[in-house]
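Trainee: If you're matching them up, the sequences are chains A and B in order.
Going by the numbering used here, the first sequence opens with residue 1, and the numbers climb by one from there.
Going by the numbering used here, the second sequence opens with residue 1001, and the numbers climb by one from there.
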Amino acid sequence: MIRIFSAIVLGLVLFLASLLTGASTLGLSSLFGAGDGGLVLLASRLPRTLALLLAGGGLAIAGTIMQMLAQNRFVEPSTAGTVESAALGMLTAALFFPGMPVIGKMLLAAIFAMAGTALFLRLVRQIPARAVLMVPLTGIMLGGVISAIASFIAYRYDLLQSLGAWTNGDFSMVLRGRYELLWISFGLGVVAYVTAARFTLAGLGEAVAISTGLNYRRAMLTGLSIVSLISASVVVTVGSIPFVGLIVPNVVSLVMGDNLRRTLPWIAYSGAVLVLACDIAGRLIIAPYEIPVGTMMGVFGSAIFLYLLLRQEAHAR
Amino acid sequence: MHADQRGRKSALIIAGLAALALVSTVAFMTLGARGNWSFVLGFRGVKLAALLLVAYAIAVSTVLFQTIVGNRILTPSIMGFDVLYILLQTFLVFALGAGGLNAIDQRVMFVLEAAVMSGFALLLFRWLFSGAARSIHLVMLVGILFGGLFRSLSAFMQRLIDPTDFVVLQDRFFASFNTANTELLGISAVIILAVSVLGWRLLPDLDVILVGRETAIALGVSHKRVVTLTLFVVTILVSVATALVGPVTFFGLLVANLAYMIMPDGRHRVVLPAAVLLAAITLVGGQTVLERVFSFGTALSIIVEFAGGIFFIFLLLRGNLR
């Protein structure tokens, strides 16, 4: 009970802080008042805050499912080639179907993300079960190869700048009417929660999962679709935010164990709060300018990832 | 194979590689040249010198590094060395400003940077490789993550510095063989020459280290001293290459492993020239083909990243980590 209560308080405080932080000053009173303050709030601050919460929560859920599918604690969309593939998909859309509506581009990016992730899972099957760390290593390298292809194409067609926007998460351009696609990840989160038990089973390995009566292929496909759609929607609207999907599930599982039914809401909540807090910090450090949340998470996330890695090494000995 | 025969075969391969390198150099200098020859040769000559210096620095540093870590898939850039150089540069601009940076003597700066980098390399090295049987995968992953962390930290600081200072930084760090930082050529050549002399004297000891740490110590090699000195040489070579063209992750991995594959002999006196020549052929030849045949210049680093990444995954999956 205390845990839930303090979580709600922390969430609310950060939510309010996010509404009040930014280049133009908003007092608490303007939350209810009219005039310019109301416009800034409704058109910019509120959409931004919601986008942060949705992206963070979605990425944390995507990371959790990814870890179940790959049966490995150290993978997430940005260490499995998923994000890079989605960016390649966006590039393809920009080149061949420039007039396509955003939702179409997102679906194309999702298809690319799915193909890339499937390729990764295929490669992972070649890796002996003991070599735990080879899995993220292979994923990172696969991501490197895919992004080399993407930057080659982008370089040829003068799109390097757009590619940069998709690969480094930044919420400063989020306005009303430009982030609503992220609600998809909310819907997918609900789907993930309902079907959580299947991923827990799939995480036990193909043989065990099938012997319990699970339709393993269908569970894998569902999981893959959820991960790809969430990643694609985030990449399309704000750009990639690394490490959220990796750190959050690991830390939550350290505290609460592995029953997804119980932990998935906490995972979504923690992801949302983490990204929100990082973005607020990014807005404060060099105010009135901003540090993009992708960079903030890059610094913070890789440090925590290092800690998690070395910690598991210490346990293994 | 008989030792004598092997020596002859190595000499033959190296002669062949040297011929190829010469052909690509000549092609680079002359193909598609129009107008005033002295201008063309001068202009391209500077570029060629930069390419050759980088080829040398990357090939030698990778091979030496792989010898002391006893592993043919780790390279200085996979362990994040070159990104550390960028972080250091960014930090200096951040702390002193571009003006302050220019006020300091270039040579003093370089010595300072080299000292910091070698210090870090030693710390990382002692920490990662001294513990009993740490998994090589962990070492690699930690290296890659350090690279990512340094990259993000530099991006973070680049956000904080003055935009005009940032321009100074920016044109240094986009990996490009086409717009090499030619102002640094002279001092780079001198530095490379100096550390090469030091490296040359280490080669016999490094050959012994190839058989393994314990055996090498039993044979009377002062392992710690050799490793420390070699790391020093490696970090300086990496700094020079990064200062000239920016970071390239997989280039060293490619040429070093190719050299191991084609040479019948594992000794450094044979492998090192082969790796250097292969690097020169790849860089100069690749740049010529891209510029003259496909007419896009700066894409070479992207292609190398692509090929190198696939090669790395291949090495990983084949499992030849030792």
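Backbone N, C-alpha and C fix where the C-beta goes; we use that ideal spot for every residue, glycine too.
Would you please verify whether the beta carbon of A1268 (chain B) is less than 8 Å from any beta carbon of chain A?
Mentor: The displayed chain sequence assigns His, not Ala, to residue 1268 (chain B). Taking Cβ atoms only, chain A never reaches closer than 8 Å to H1268 (chain B), which makes this a no.
Trainee: Check each residue of the stretch 52–85 of chain A: if its Cβ is closer than 7 Å to any Cβ of chain B, include it; give the result in chain order.
Mentor: Per Cβ criterion, the list is empty.
Trainee: Measuring CB to CB, does A55 (chain A) end up less than 8 Å from S231 (chain A)?
Mentor: No. Outside cutoff.
Trainee: Cβ closer than 9 Å: which chain A residues qualify as neighbours of A1155 (chain B)?
Mentor: Correct list: N168, I291, P292, G294, T295, G298, V299.
Trainee: Using the three-state DSSP reduction, which class does Y157 (chain A) fall into: helix, strand or coil?
Mentor: Y157 (chain A) falls in the coil class under three-state DSSP.
Trainee: Of all the CB atoms in chain A, is at least one closer than 8 Å to the CB of E1291 (chain B)?
Mentor: It does not; no Cβ of chain A falls within 8 Å.
Trainee: Quick check: T263 (chain A) and G271 (chain A), are their CB atoms within less than 8 Å of each other?
Mentor: Not in contact: T263 (chain A) and G271 (chain A) (Cβ atoms no closer than 8 Å).
Trainee: What does the alpha-carbon distance come out to for the pair I153 (chain A) and S162 (chain A)?
Mentor: Going by the C-alpha atoms only, they are around 12 Å apart.
Trainee: Select from B:L1219, B:T1215, B:I1192 the residue whose C-alpha is nearest the C-alpha of S1061 (chain B).
Mentor: Of the listed residues, the one whose Cα sits closest to S1061 (chain B) is B:I1192.
Trainee: May I have the straight-line CA-CA distance separating A277 (chain A) from R1159 (chain B), to the nearest angstrom?
Mentor: In a straight line, the C-alpha of A277 (chain A) is about 19 Å away from that of R1159 (chain B).
Trainee: With 7 Å as the C-beta to C-beta threshold (strictly closer), list the residues of the stretch 136–154 of chain A near chain B in chain order.
Mentor: Taking 7 Å as the Cβ-Cβ cut-off against chain B, the residues of the stretch 136–154 of chain A that qualify are P136, L137, T138, I140, M141, L142, G144, V145, A148, I149, S151, F152.
Trainee: Under a three-way DSSP split, which group does Y289 (chain A) fall into?
Mentor: Three-state DSSP puts Y289 (chain A) in coil, outside helix and strand.
Trainee: Determine the closest residue to D1165 (chain B) out of B:F1091, B:A1121, B:V1195, with distance taken between C-alpha atoms.
Mentor: Ranking the options by Cα distance to D1165 (chain B), first place goes to B:F1091.
Trainee: Assuming F243 (chain A) and G301 (chain A) make a contact with CB atoms under 8 Å, what is their CB distance in whole Å?
Mentor: Between G301 (chain A) and F243 (chain A) the Cβ distance is about 3 Å, and since that is below 8 Å, they are a contact.
Trainee: Would you give the residue range spanned by the alpha helix (DSSP H) that N1336 (chain B) belongs to?
Mentor: Past the boundaries of the shown model lies residue 1336 (chain B); chain B is included only from 1001 to 1322, so the question cannot be answered.
Trainee: Compare the C-beta of S6 (chain A) with all C-beta atoms of chain B and state if any pair is closer than 8 Å.
Mentor: For S6 (chain A), the answer is no, since every Cβ of chain B falls outside 8 Å of its Cβ.
Trainee: Kindly indicate which three-state DSSP category P98 (chain A) falls into: helix, strand or coil?
Mentor: Coil at P98 (chain A), not helix or strand.
Trainee: Kindly indicate the opening and closing residues of the alpha helix (DSSP H) around V1197 (chain B).
Mentor: It spans 1185–1209 - the alpha helix (DSSP H) in which V1197 (chain B) sits, taken as one unbroken run.
Trainee: Give me the Cβ distance between V132 (chain A) and V75 (chain A), rounded to the nearest whole Å; I'm assuming they're in contact under 8 Å.
Mentor: With 8 Å as the limit, V132 (chain A) and V75 (chain A) do not qualify as a contact, their Cβ atoms being about 10 Å apart.
Trainee: Taking C-beta to C-beta, are L52 (chain A) and F171 (chain A) nearer than 8 Å?
Mentor: Yes, the pair counts as a contact, with Cβ atoms nearer than the cut-off.
Trainee: Could you say if the stretch 1286–1296 of chain B and the stretch 115–126 of chain A meet the contact criterion of at least three C-beta pairs nearer than 8 Å?
Mentor: Not touching, per the Cβ criterion.
Trainee: In angstroms, rounded to a whole number, what distance separates the CA positions of L1253 (chain B) and P265 (chain A)?
Mentor: If I take the Cα positions, the gap works out to 44 Å.
Trainee: Within this structure, are the beta carbons of L1122 (chain B) and L1231 (chain B) separated by less than 8 Å?
Mentor: Yes, the pair counts as a contact, with Cβ atoms nearer than the cut-off.
Trainee: If we count Cβ pairs, one from each stretch, closer than 8 Å, do we get three or more for the stretch 1029–1038 of chain B versus the stretch 1213–1228 of chain B?
Mentor: Too few Cβ pairs lie closer than 8 Å, so no.
Trainee: Cβ atoms of G239 (chain A) and A287 (chain A): under 8 Å apart, would you say?
Mentor: Contact: no.
Trainee: For P128 (chain A), report the span of its alpha helix (DSSP H) as first-last.
Mentor: Careful: P128 (chain A) lies outside any alpha helix (DSSP H) and carries neither H nor E.
Trainee: Given a cut-off of 8 Å on the beta-carbon distance, is the pair L1315 (chain B) and I1073 (chain B) in contact?
Mentor: The answer is yes: Cβ separation under 8 Å.
Trainee: Examine the Cβ distances between the stretch 172–190 of chain A and the stretch 209–218 of chain A and report whether three or more of them are shorter than 8 Å.
Mentor: Segments in contact, no.
Trainee: Closer than 8 Å by C-beta to I226 (chain A): which residues in its own chain qualify, once you throw out the five before and the five after it? Chain order, please.
Mentor: These residues qualify, in order along the chain: I61, A62, I65, L188, V191, A192.
Trainee: Taking the alpha carbon of G223 (chain A) as the reference point, which residue from A:Q71, A:L142, A:P292, A:L19 has its own alpha carbon closest?
Mentor: Considering only alpha carbons, the answer is A:Q71.
Trainee: Do you know offhand how far G1147 (chain B)'s Cα is from N250 (chain A)'s?
Mentor: Each residue's Cα considered, the two are about 22 Å apart.
Trainee: Given a limit of 8 Å on CB to CB distance, which residues of the stretch 97–127 of chain A reach chain B?
Mentor: So the list reads L123, Q126, I127, given in the order they occur along the chain.
Trainee: Excluding the 5 residues preceding and the 5 following M220 (chain A) in the sequence, name in chain order all residues of the same chain whose CB lies nearer than 7 Å to its CB.
Mentor: Contacts found: L69, A202.
Trainee: So that I know if they touch, is there some Cβ in chain A lying closer than 8 Å to that of M1140 (chain B)?
Mentor: It does: the Cβ of M1140 (chain B) has a partner Cβ on chain A nearer than 8 Å.
Trainee: Which of the three DSSP states, helix, strand or coil, is assigned to V238 (chain A)?
Mentor: Reduced to three states, the DSSP call for V238 (chain A) is coil.
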